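K.L.:
Residues 1 to 716 (full-length UniProt numbering) are what the sequence shown spells out, left to right. Here a beta-carbon is modelled for each residue, glycine too, at the ideal position from N, C-alpha and C. Every value quoted in this text rests on a predicted model; they were computed, and no experiment measured them.
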Amino acid sequence: MSSHLSGELYEEYSELIPPLIYTILSCYTRFYHIGKANSVVWDEAHFGKFGSYYLKRSFYFDVHPPLGKILVGLAGWLSGYDGNYDFPSGSAYPPEVPYIPMRVMLAMFGAAMVPLAWFTSVELHLSKKACHLVTLMTLCDLAWICISRFILLDSMLLFFTFTTVFCMTKWNNQQWRPFSFDWWLWLGMTGWSIGCVVSVKWVGFFVTALVGAYTIEDLWEKFGDLKMPIRVYIKHWIARGLCLIVLPAIVYMASFKAHFMILNHSGSGDSQMSSLFQANLVGNDFATNPLEIAIGSKVTFKNVGYGGGLLHSHVQTYPVGSLQQQVTCYHYKDDNNNFNLVRPWGHPEYNPNEDLEFLKDGSVIRFQHASTMRNLHAHMVAAPVTKENWEISGYGNATTGDHNDLWQLEVVDDIILGNKKNLKDRIRSLTTRIRFRHLTMGCYMRAANAVLPPWGFKQVEVSCDKENNPKDQHTWWNVESHWNDRLPSGNQKLYKSPFLSDFWHLNVAMMTSNNALVPDPDKEDILASTPSEWPWLHTGLRMCGWGDDQIKFYLLGHPLIWWGGTLSLILSLFILAVYMLRMQRHYVDWKAGEWDHFLYVGKVAFFGWFFHYVPFLIMGRVTYLHHYLPTLYFAVIMLGHFFDHFVFSARRLSENVKTGVFIFTYAVIVGVWWWFKDIAIVSAFLNLFGTRRNSASGLPVQLIRIKIHESSIGYH
1 MSSHLSGELY EEYSELIPPL IYTILSCYTR FYHIGKANSV VWDEAHFGKF
51 GSYYLKRSFY FDVHPPLGKI LVGLAGWLSG YDGNYDFPSG SAYPPEVPYI
101 PMRVMLAMFG AAMVPLAWFT SVELHLSKKA CHLVTLMTLC DLAWICISRF
151 ILLDSMLLFF TFTTVFCMTK WNNQQWRPFS FDWWLWLGMT GWSIGCVVSV
201 KWVGFFVTAL VGAYTIEDLW EKFGDLKMPI RVYIKHWIAR GLCLIVLPAI
251 VYMASFKAHF MILNHSGSGD SQMSSLFQAN LVGNDFATNP LEIAIGSKVT
301 FKNVGYGGGL LHSHVQTYPV GSLQQQVTCY HYKDDNNNFN LVRPWGHPEY
351 NPNEDLEFLK DGSVIRFQHA STMRNLHAHM VAAPVTKENW EISGYGNATT
401 GDHNDLWQLE VVDDIILGNK KNLKDRIRSL TTRIRFRHLT MGCYMRAANA
451 VLPPWGFKQV EVSCDKENNP KDQHTWWNVE SHWNDRLPSG NQKLYKSPFL
501 SDFWHLNVAM MTSNNALVPD PDKEDILAST PSEWPWLHTG LRMCGWGDDQ
551 IKFYLLGHPL IWWGGTLSLI LSLFILAVYM LRMQRHYVDW KAGEWDHFLY
601 VGKVAFFGWF FHYVPFLIMG RVTYLHHYLP TLYFAVIMLG HFFDHFVFSA
651 RRLSENVKTG VFIFTYAVIV GVWWWFKDIA IVSAFLNLFG TRRNSASGLP
701 VQLIRIKIHE SSIGYH
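#1: Among all the DSSP beta bridges, which residues are the ones paired with ILE434?
#2: Does ASP548 pass the burial test, meaning 16 or more other C-beta atoms within 10 Å, or should it be called exposed?
#3: For CYS464 and HIS331, what's the separation of their Cα atoms in angstroms?
#4: Taking a contact to mean a Cβ-Cβ separation below 8 Å, would you say PRO115 touches THR23 in this structure?
#5: What would DSSP say about CYS196, mapped onto helix, strand or coil?
#6: Going by alpha carbons, who is nearest to GLY191 out of GLN175, TRP144 and GLY241?
#7: From this set, PRO66, PRO95, PRO65 and SER91, which residue's C-alpha is nearest SER79's C-alpha?
#8: Which whole-angstrom value describes the C-beta separation of ILE34 and ALA107, a residue pair presumed to lie in contact below a C-beta threshold of 8 Å?
#9: Pull up the distance between the alpha-carbon of ALA254 and that of CYS243, whole angstroms please.
#10: Give the single residue among PHE59, THR29 and GLN324 whose Cα lies nearest to the Cα of PHE256.
#11: Going straight from the alpha carbon of LYS49 to that of ASP86, what length do you get?
#12: Verify the CB distance criterion: does ARG621 have a CB-CB separation below 8 Å to chain C?
#13: Which of helix, strand or coil does DSSP assign to GLY35?
#14: Whole angstroms are fine: how far does the CA of PHE162 sit from the CA of SER155?
#15: Please state the DSSP three-state secondary structure of GLY204.
#16: Mind checking whether VAL299 and HIS482 have CB atoms under 8 Å apart?
#17: Hey, PHE553 and ALA680 are a contact pair by Cβ (cut 8 Å); roughly how many whole angstroms apart?
#18: By the DSSP assignment, the alpha helix (DSSP H) with TRP586 in it spans what residues?
#19: May I ask which residues mark the beginning and end of the beta strand (DSSP E) holding ARG103?
#20: Which class does ILE17 belong to by DSSP, given the choice of helix, strand or coil?
#21: According to DSSP, is HIS597 helix, strand or coil?
#22: Spatial neighbours of GLN408 within its chain, please: CB distance less than 6 Å, with the 5 preceding and 5 following residues excluded, ordered by chain position.
#23: Work out the CA separation of LYS677 and ASN687 for me, nearest whole Å.
#24: Taking Cβ positions, are THR386 and ALA450 nearer each other than 8 Å?
#25: Please report how far the alpha carbon of THR512 lies from the alpha carbon of ASP270, in whole angstroms.
#26: Please classify ILE575: does DSSP put it in a helix, a strand, or coil?
#27: Quick one: grab the DSSP three-state call for LEU25.
#28: The alpha helix (DSSP H) spanning TRP176 covers which residue range?
#29: Since LYS658 is in the beta strand (DSSP E), which residue starts that stretch and which ends it?
#30: Going by other Cβ atoms of all chains shown within 10 Å of its Cβ, with 16 needed for buried, is ASP520 buried or exposed?
#31: Any idea what DSSP makes of ASN469, helix, strand or coil?
#32: When we look at the beta-carbon of TYR233 and count the other beta-carbons within 10 Å, is it buried (16 or more) or exposed?
#33: Short of 7 Å in beta carbon distance, which residues of its chain neighbour residue 760, apart from the five on each side in sequence? Order them along the chain.
#34: Would you identify the three-state DSSP class for CYS464, choosing helix, strand or coil?
#35: Over the uninterrupted alpha helix (DSSP H) stretch that includes SER313, give me the two end residues.
#36: Under a three-way DSSP split, which group does THR328 fall into?
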């Protein structure tokens, strides 16, 4: 009786034994000696610090969405970390920073990739041997192992990429019974995974494109099903719209809502946000600004456009055009953002003993730069970047100037009071949105997202727009900081910032900053690489210092996995062409359903790879090897698909041949992993290349010594 029961249990749960074993091995490769390197490695300097901000509740700015960094902060909180460490690059962790449990918690996402690869292969209906190979390649890739062992976002990005593909394949297998509980469950889980992956990094939009392409093809096929009622077809559209568009959007926006709720104290990233948002942060004094603006005030001006910066000037001059002092937009607090509000030329100078003169719609004034005393000036000289606009510069001083220094204020509206008629002829700080019209030329001061060259410190260009477009928010400004000892403080209760406005503002600022991460032609970034180098593993990435007494990590993939995956992707196009040609010539190569399955798996693998890889070929930002890691997953699936189709499911090969190929391939993958493992997993010896392998003849040593150069750690 007991043996019979054991046999039944084994039959029921035997399918879970392989993924369980692989999960244990995955935990070993991801957790082994994870704390041996007791210094800040690579981008832990950034993401560890961002996690600290959540524990201190201090607002900061970064180009990535917040979910991954919130999880970093959560790992710190669960580990007992107090947030009071800045994670300086390369420095040793002090005893009070629990970096080991933080690394372990984040490495769990990397460890979970391996069982996900198994279950996804099963859902793709690959043979058991192919499932083993796909899972083994996920387990043994050195780059995936290495990137998962530190306080970084990549393990979470990879995990949610894997879950999105897994949920999509689960949902696909429920298509034969639409609108059932399981169908809704996996459709909803696919949407949830999409929301999570794009909330970690925008690279997640690439796997979203894969799901979108699959969904469009599926709906197109249903459109051709003449037996399907229109009502049911519309229901399919609504279900996908709710689960694959609305649900991911809710998850994405919820991560920003949590971001704003946690980071409610003033911090280093304040100036990236709107003035009204900043006024609501604990520790920010904007809400106590004097409410109404008058001649004699010192102010800063914030551009209202999404991602807008602060009006700024500095002593450096334009190397082109007028050669006068530069005027820009800057996203950080600085004394060079301060301007005095003074009367036009020919009017009496400001007297602090006279009655206050409040600014209103139509007022004509001069903006005098507080640090250099230059006047904000515009003239008929082409702007340095936006040539169709006029240049704005700093010119003259407190006693020298001309009519080109004069600007007329045009009130747009007030966020609190609404229409400008409600202002009672007085412009307010923070809430009143105004335009600056040049009195002589009639152009409007504008700061969009045009970035100046390095001579302008890559700050945003400010120019005078000849077009009068009242709806262009890049020509709208508001007073942010306001100093005037003669005026009473404002009331914080007046200032509330709507979430949707803050959400859009931060996302545009993230996009603007991300687009500014372009290669500097005047500086060699030896850590950077080009997308053409990735598929064939022509380059690696040094992740830490390279002193003789340091533990070293080098981001380099498993050569056979990377090369084999790339080769299989190339061959897939050739094989597809051959099969289609044979079908046109009426050769019968397939049993019923085999062709559809072959195409389905091939499309998931090829288009998943295509959507992840091609954008990096056309984007202008600086790129690094780790950007290829989500793409690699689809090359692995394609390689497993090829083994399955040409070997493990081939009718002409005997089982002995199939088993022999499987064992040989399995052993080679493990053997190469073992040979290279020390570049990703810390061995028992601190000096990998001096103690463990003294000979310089070893392939890993030669390869790494050729590829690695001393350089500063970069930001990615």
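P.N.:
Well, looking at it:
#1: As a position in the sequence shown, residue 434 is number 434, starting the count at 1. Partner(s): VAL411 and TRP477.
#2: Locating residue 548 in the sequence shown gives position 548, counting from the first residue. Its Cβ having fewer than 16 others within 10 Å, ASP548 is exposed.
#3: The count along the sequence shown starts at 1 and reaches residue 464 at position 464. The count along the sequence shown starts at 1 and reaches residue 331 at position 331. One C-alpha to the other measures close to 20 Å.
#4: Residue numbering aside, residue 115 sits at position 115 when the sequence shown is read from its first letter. Residue numbering aside, residue 23 sits at position 23 when the sequence shown is read from its first letter. Against a cut-off of 8 Å, the Cβ pair of THR23 and PRO115 comes out as a contact.
#5: Translated into positions along the sequence shown, residue 196 becomes position 196. If DSSP states are grouped into helix, strand and coil, CYS196 belongs with the helices.
#6: The residue you call residue 191 lines up with position 191 of the sequence shown. Nearest of GLN175, TRP144 and GLY241 to GLY191, Cα basis: GLY241.
#7: Locating residue 79 in the sequence shown gives position 79, where the first residue counts as 1. The residue with the shortest Cα to Cα distance from SER79 is PRO95.
#8: Here residue 34 corresponds to residue number 34 of the sequence shown, with the count starting at 1. Here residue 107 corresponds to residue number 107 of the sequence shown, with the count starting at 1. At roughly 6 Å, the Cβ-Cβ gap stays under 8 Å, so ILE34 and ALA107 are in contact.
#9: The count along the sequence shown starts at 1 and reaches residue 254 at position 254. The count along the sequence shown starts at 1 and reaches residue 243 at position 243. Roughly 15 Å between the two C-alpha positions.
#10: On the sequence shown, position 256 is the one that residue 256 refers to. The candidate whose alpha carbon is nearest that of PHE256 is PHE59.
#11: Start at 1 with the first residue of the sequence shown, and residue 49 comes out as number 49. Start at 1 with the first residue of the sequence shown, and residue 86 comes out as number 86. LYS49 and ASP86: Cα-Cα distance of roughly 5 Å.
#12: Given the protein chain composition of this structure (a single chain), no chain C is represented.
#13: Here residue 35 refers to the residue found at position 35 when the sequence shown is read from its first residue. Reduced to three states, the DSSP call for GLY35 is coil.
#14: Residue 155 sits at position 155 when you count from the first residue of the sequence shown. Residue 162 sits at position 162 when you count from the first residue of the sequence shown. Near 11 Å, if we compare the C-alpha coordinates of PHE162 and SER155.
#15: Reading the sequence shown from its first residue, position 204 is the one you call residue 204. Three-state DSSP puts GLY204 in a helix.
#16: If you number the sequence shown from 1, residue 299 lands on position 299. If you number the sequence shown from 1, residue 482 lands on position 482. Closer than 8 Å, so yes.
#17: Along the sequence shown, read from residue 1 onward, the residue named residue 553 stands at position 553. Along the sequence shown, read from residue 1 onward, the residue named residue 680 stands at position 680. Indeed they touch by this definition, with Cβ atoms about 7 Å apart.
#18: In the sequence shown, residue 586 corresponds to position 586, counting from 1. The sequence given here has His at residue 586, not Trp. Per DSSP, HIS586 belongs to no alpha helix (DSSP H) and is neither H nor E.
#19: Taking the first residue of the sequence shown as 1, we reach residue 103 at position 103. Careful: ARG103 lies outside any beta strand (DSSP E), inside the alpha helix (DSSP H) at 99–123.
#20: Along the sequence shown, read from residue 1 onward, the residue named residue 17 stands at position 17. Here ILE17 sits in helix by DSSP.
#21: As a position in the sequence shown, residue 597 is number 597, starting the count at 1. Helix, per DSSP.
#22: Position 408 of the sequence shown, counting from 1, holds the residue named residue 408. These residues qualify, in order along the chain: VAL364, ARG437 and LEU439.
#23: Numbered from its first residue, the sequence shown carries residue 687 at position 687. Numbered from its first residue, the sequence shown carries residue 677 at position 677. Confidence in ASN687 is poor, its pLDDT being 44 and thus under 50, which makes the residue's placement unreliable; the coordinate value appears in the next sentence. Approximately 14 Å, taken between the alpha carbons.
#24: Mapped onto the sequence shown, residue 386 falls at position 386. Mapped onto the sequence shown, residue 450 falls at position 450. Yes. Within cutoff.
#25: Counting from one through the sequence shown, the residue named residue 512 turns up at place 512. Counting from one through the sequence shown, the residue named residue 270 turns up at place 270. When rounded, the distance between both Cα atoms is 16 Å.
#26: Reading the sequence shown from its first residue, position 575 is the one you call residue 575. Three-state result, ILE575: helix.
#27: Here residue 25 is taken as the residue at index 25 of the sequence shown, counted from 1. Residue state, collapsed to three classes: helix.
#28: Taking the sequence shown and counting its residues from 1, one reaches residue 176 at position 176. Where TRP176 is concerned, there is no enclosing alpha helix (DSSP H), given that its DSSP letter is neither H nor E.
#29: Looking up residue 658 in the sequence shown gives position 658. Unbroken run through LYS658 is the alpha helix (DSSP H), 655–676; no beta strand (DSSP E).
#30: Here the question's residue 520 lines up with position 520 in the sequence shown. It counts as exposed.
#31: Numbered from 1 along the sequence shown, position 469 holds the residue referred to as residue 469. Correct three-state label for ASN469: coil.
#32: By one-based count along the sequence shown, residue 233 stands at place 233. So TYR233 counts as exposed.
#33: Nothing can be reported for residue 760: it is not among the residues displayed for the chain, which extend from 1 to 716.
#34: The sequence position of residue 464 within the sequence shown is 464, counting from 1. The answer is strand: DSSP assigns CYS464 an E or B state.
#35: Taking the sequence shown and counting its residues from 1, one reaches residue 313 at position 313. Premise fails: SER313 lies in the beta strand (DSSP E), 310–317, not in any alpha helix (DSSP H).
#36: The sequence position of residue 328 within the sequence shown is 328, counting from 1. Looking at THR328 - three-state DSSP - the assignment turns out to be strand.
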